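Right, one structure below, let's go through it.
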Amino acid sequence: DFALKQFKERGLRGMYEYWERIRVEENCDSVNEIDADGRFYQSRMNVCPSLTKALESDAGPCASYCNHCPGWVLRVIAAAGFFCVFNIRSRTVPHCAKFVTRDRALAEAKKREWLRTYSPDLIYDNFDEVERTKSVKVP
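In my numbering, the protein residues as written are 188 to 326.
Structure, rendered in structure tokens:
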């Protein structure tokens, strides 16, 4: 609930602040930024501490281990009214990226860009969820 409230109230700035706090608290090697025109927020996780721990354990991660992040992130960002593209990049190298904007065309362009380099099974979006959220009338 904290993340959703912050994303709704503070938009891209709230997302930046939220993931900057996570970066510090979890000692993540990541970069968070909002473009100069305020059109989008993007984050690059250079070394994911969670997947790193899983890779170092005897059991290792399951094939869908990395899905936990886009699994919650995409829904919360959609509920706040933003489009997001999430790029896992690799299921065996601990890094990922996300791109968030209110502009669906801009998000679709980012998705096409990533699909030129990465396998479609690594790229997730919340486009349909945002549209469903917009069509729901709250009394």
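By construction, the Cβ of each residue, glycine as well, lies at the ideal position given by its N, Cα and C atoms. These numbers were taken from a predicted model, which means no experiment stands behind them.
Check: Beta-carbon gap between MET202 and HIS282 smaller than 7 Å; Outcome: no
Check: At least three beta-carbon pairs within less than 8 Å, the stretch 295-303 to the stretch 195-214; Outcome: no
Check: Alpha helix (DSSP H) runs wholly inside the stretch 270-312, at least 4 long, in chain order; Outcome: 291-302
Check: Unbroken alpha helix (DSSP H) run spanning ASP315, endpoints; Outcome: 314-322
Check: Bridge partner(s) assigned by DSSP for PHE330; Outcome: The structure shown does not extend to residue 330, since the chain is modelled only from 188 through 326, so no value can be given for it.
Check: Burial state of PHE273, where buried means 16 or more other Cβ atoms lie within 10 Å; Outcome: buried
Check: Residues bridged to GLU204 [DSSP beta-bridge criterion]; Outcome: Beta-bridge pairing links GLU204 to no other residue.
Check: Residue from ARG200, TYR228, ASN313 whose Cα sits closest to the Cα of THR288; Outcome: TYR228
Check: C-alpha gap between ASN254 and ASP290, whole angstroms; Outcome: 24 Å
Check: Closest Cα partner of ARG278 within the set VAL263, ALA267, SER306; Outcome: SER306
Check: DSSP bridge partner residues for GLU220 (one or two, in chain order); Outcome: GLN229
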